Amino acid sequence: MRVGVPKEIKTHEYRVGLTPGAVREYVHAGHQVLVETTAGSGIGADDETYRKAGATIAGSAAEVFAAADMIVKVKEPQPNEWVKLRPGQILFTYLHLAADPDQARGLLASGCTAIAYETVTDAHGGLPLLAPMSEVAGRLSIEAAGNALQRHRGGRGLLLGGVPGVAPARVAVLGGGVVGTHAARMAAGLGAEVAVLDRSLPRLRELDELFQGRVRTRFSTLEAVETEVFSADVVIGAVLIAGATAPKLVTRAMLKSMRRGAVIVDVAIDQGGCFETSHPTTHAAPTFEVDGVIHYCVANMPGAVPLTSSEALNNATLPFGLALARKGLAAVAENPHLRAGLNIHRGRFTHKAAAESLGLPFSPADETIAA
Numbered sequence: 001m002r003v004g005v006p007k008e009i010k011t012h013e014y015r016v017g018l019t020p021g022a023v024r025e026y027v028h029a030g031h032q033v034l035v036e037t038t039a040g041s042g043i044g045a046d047d048e049t050y051r052k053a054g055a056t057i058a059g060s061a062a063e064v065f066a067a068a069d070m071i072v073k074v075k076e077p078q079p080n081e082w083v084k085l086r087p088g089q090i091l092f093t094y095l096h097l098a099a100d101p102d103q104a105r106g107l108l109a110s111g112c113t114a115i116a117y118e119t120v121t122d123a124h125g126g127l128p129l130l131a132p133m134s135e136v137a138g139r140l141s142i143e144a145a146g147n148a149l150q151r152h153r154g155g156r157g158l159l160l161g162g163v164p165g166v167a168p169a170r171v172a173v174l175g176g177g178v179v180g181t182h183a184a185r186m187a188a189g190l191g192a193e194v195a196v197l198d199r200s201l202p203r204l205r206e207l208d209e210l211f212q213g214r215v216r217t218r219f220s221t222l223e224a225v226e227t228e229v230f231s232a233d234v235v236i237g238a239v240l241i242a243g244a245t246a247p248k249l250v251t252r253a254m255l256k257s258m259r260r261g262a263v264i265v266d267v268a269i270d271q272g273g274c275f276e277t278s279h280p281t282t283h284a285a286p287t288f289e290v291d292g293v294i295h296y297c298v299a300n301m302p303g304a305v306p307l308t309s310s311e312a313l314n315n316a317t318l319p320f321g322l323a324l325a326r327k328g329l330a331a332v333a334e335n336p337h338l339r340a341g342l343n344i345h346r347g348r349f350t351h352k353a354a355a356e357s358l359g360l361p362f363s364p365a366d367e368t369i370a371a
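For the sequence shown, our numbering assigns the number 1 to the initial residue and increments by one for each residue that follows.
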């Protein structure tokens, strides 16, 4: 198969769909790889490095999209990218369609087969292609919060871990999944006072065992959320419903009871965000203020550390990408975990949660592939 890797064009996105090491694996398996010139510059990989890995260098994104049978990216295609997709072409990338109706309509109109990293599953019910970026984003969320807490950035002027004789910051983490766990790990490691809220008692037990009392765990109720959010200096939004829009756990009205200069970091912003007042921001302008509360809502947080992120992402996506390159659509038909990643196929929405979030008709993946 001819596999294409365009350069990412989202603002301050420095990751790349295939690292040189991943390209070697595709070429070794007998596939052709076409990489847009300078696609790997964000991770320090120049065109010559890709040539040595076996790739052919294309002069433009248009050339990549026109020649490739499968496009491998990191972030969702932008408007001038989805118009380059065509029927029968496979798109393998993050999509987050539930919060992006324009992209959904563009992909439906293209006739392509769009497989979303964030909804591919594994035998344990996990999301293996979302997990590495959730790990990165969870850890970065605390770094972002620490910076935003600084007074010259509008925050309360607190050091997350405090110092001897001065209390540390209080951090509330909404969601005990991968993002929440890594956020709690970083915050506790810096010495902050941390509480994690989740609706799964088994997960809370796991977290209690993991952190050995260094992190408080609370079952997530309306009262518990209000109590923790109102007393927090930092609130991390780490809630995920696979493929669907995130629930709004913190309303505009609740901000008035929060501490002035407190910081909220909405890691769920790709799925619409779990704070009512959130809207996507970029690394160029990452924060904004509402009712005295600083909001950090960067939609591609891992793009700030592209070398780590690209390597981690490729480690996870490589087996699935090679299966798609080897078998094409048959790989989706045969593998239930890849099939869970199928969001759009030949003008039909094949992921139920995303379709329902957008109010669009849903076609089961099995039936759509068979047709």
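Glycine is no exception: its CB is placed at the ideal position from the N, C-alpha and C atoms.
These numbers come from a predicted model, not from an experiment.
**OP:** Starting from the Cα of T245, find the closest Cα among L201, V265, I269, M258 and give me that residue.
**Re:** Nearest of L201, V265, I269, M258 to T245, Cα basis: I269.
**OP:** For A45, collect the residues of the same chain with a Cβ closer than 6 Å to its Cβ; drop the 5 residues on either side in sequence, then sort them by chain order.
**Re:** These residues qualify, in order along the chain: P20.
Subject >> Distance between beta carbons of V33 and Y26, contact taken as under 8 Å >> reply: Contact between Y26 and V33 holds: CB atoms are separated by about 5 Å, below the 8 Å threshold.
**OP:** Assign A253 to buried or exposed, taking buried as 16 or more other Cβ atoms, counted over all protein chains shown, within 10 Å of its Cβ.
**Re:** Burial call: exposed.
Original post:
CB-CB under 6 Å to A316, same chain, minus the five flanking residues each way: which ones, in chain order?
Top reply: If you ignore the 5 residues before and after A316, its C-beta comes within less than 6 Å of the C-beta of P128, L129, P132, all in its own chain and listed in chain order.
Original post:
So the alpha helix (DSSP H) E366 belongs to, where does it begin and stop?
Top reply: Here residue 366 is Asp; the residue named in the question, Glu, does not match the sequence. Going by DSSP, D366 is part of the alpha helix (DSSP H) stretching over 365-370.
Original post:
Closest Cβ-Cβ distance between L240 and chain C: below 9 Å?
Top reply: Protein chains in the displayed structure number just one, and chain C is not present.
Original post:
In three-state DSSP terms, what is N343?
Top reply: In the three-state scheme derived from DSSP, where H, G and I count as helix and E and B as strand, N343 is classed as strand.
Original post:
Three-state secondary structure (DSSP) at E193?
Top reply: Looking at E193 - three-state DSSP - the assignment turns out to be strand.
Subject >> DSSP-derived helix/strand/coil call for L2 >> reply: First, the residue type needs correcting, since residue 2 is Arg and not Leu in the sequence shown. The answer is strand: DSSP assigns R2 an E or B state.
Subject >> Every unbroken alpha helix (DSSP H) inside the segment 36-91 [4 residues or more] >> reply: Here the runs fully enclosed are 47-53, 61-67, 79-82.
Original post:
Looking at C-beta atoms only, is the number of pairs between the segment 220-236 and the segment 183-201 that lie closer than 8 Å three or more?
Top reply: Output reads yes: the segment 183-201 touches the segment 220-236.
Original post:
Hey, which unbroken runs of the beta strand (DSSP E) at 3 residues or more fall wholly within the segment 227-280?
Top reply: Counting whole runs of 3 or more residues, the segment 227-280 contains the beta strand (DSSP E) stretches 234-237, 263-266.
Original post:
D100: which of F230, T113, G273, R199 sits nearest, CA to CA?
Top reply: Ranking F230, T113, G273, R199 by Cα distance to D100 puts G273 first.
Subject >> Per-residue burial, E8 [other beta carbons within 10 Å of its own, 16 or more giving buried] >> reply: The residue in question, E8, is buried, as its Cβ has 16 or more Cβ neighbours within 10 Å.
Subject >> Residue from A53, Q78, A39, H152 with nearest C-alpha to S60 >> reply: Considering only alpha carbons, the answer is A39.
Original post:
Do D69 and I414 come within 9 Å of each other at the CB atom, strictly closer than that value?
Top reply: Summary: the structure shown does not reach residue 414, with the chain confined to residues 1 through 371, and so no result is reported for it.
Subject >> Straight-line Cα distance separating V332 from R2 >> reply: The straight-line gap from Cα to Cα measures roughly 18 Å.
Subject >> Host beta strand (DSSP E) of I142 (start-end) >> reply: For I142, there is no enclosing beta strand (DSSP E); the residue is part of the alpha helix (DSSP H) that begins and ends at 131-148.
Original post:
Tell me the DSSP bridge mates of V293?
Top reply: The partner list for V293 (beta bridge, DSSP) reads V290.
Original post:
Ends of the beta strand (DSSP E) at T217?
Top reply: Start and end: 216-219.
**OP:** Decide yes or no for the touch test of the segment 338-346 against the segment 106-116: beta carbon pairs closer than 8 Å, at least 3 of them.
**Re:** Judged by Cβ distances under 8 Å, the segment 338-346 makes contact with the segment 106-116, as three or more pairs qualify.
Original post:
Out of P280, P77, G176, which has the shortest C-alpha to C-alpha gap to F219?
Top reply: Nearest C-alpha to F219: G176.
Original post:
Which stretch, first to last residue, makes up the alpha helix (DSSP H) that contains T308?
Top reply: Note, T308: alpha helix (DSSP H), 306-327.
Original post:
Do you know how far the Cα of R139 is from the Cα of G4?
Top reply: Rounded to whole angstroms, G4 to R139 spans 31 Å at the Cα level.
Original post:
Do the segment 48-56 and the segment 74-89 make contact, defined as three or more Cβ pairs closer than 8 Å?
Top reply: Counting Cβ pairs under 8 Å, fewer than three are found: no touch.
Original post:
With a Cβ-Cβ cutoff of 9 Å, do A395 and L338 count as a contact?
Top reply: Residue 395 is absent from the structure shown; the chain starts at 1 and stops at 371.
Original post:
Is the segment 155-171 touching the segment 259-266 in the sense that three or more CB pairs, one from each, lie closer than 8 Å?
Top reply: Three or more beta-carbon pairs drawn from the segment 259-266 and the segment 155-171 are found closer than 8 Å, and the two stretches are therefore classed as touching.
**OP:** Classify D208 as helix, strand or coil using the three-state DSSP reduction.
**Re:** Reduced to three states, the DSSP call for D208 is helix.
**OP:** Go ahead and label K256 buried or exposed: buried means 16 or more other beta carbons lie within 10 angstroms of its beta carbon, across all protein chains shown.
**Re:** Its Cβ having fewer than 16 others within 10 Å, K256 is exposed.
**OP:** Would you mind stating whether V196 and V173 have Cβ atoms separated by less than 9 Å?
**Re:** Cβ atoms of V196 and V173: closer than 9 Å.
Subject >> Alpha-carbon spacing of F362 relative to Y50, whole angstroms >> reply: Going from the Cα of F362 to the Cα of Y50 covers about 40 Å.
Subject >> Residue of V166, V120, E13, A353 minimising C-alpha distance to L342 >> reply: The candidate whose alpha carbon is nearest that of L342 is V120.
**OP:** Output the distance between the C-alpha atoms of R216 and D208, rounded to the nearest integer angstrom.
**Re:** The alpha-carbon atoms of R216 and D208 are separated by roughly 7 Å.
Original post:
So V229 and S141 are in contact, right, with Cβ under 8 Å, and what is the actual spacing, rounded?
Top reply: Contact flag wrong, Cβ pair sits at about 16 Å.
Subject >> Helix, strand or coil at D102 [DSSP, three-state] >> reply: Note: D102 maps to helix in three-state DSSP.
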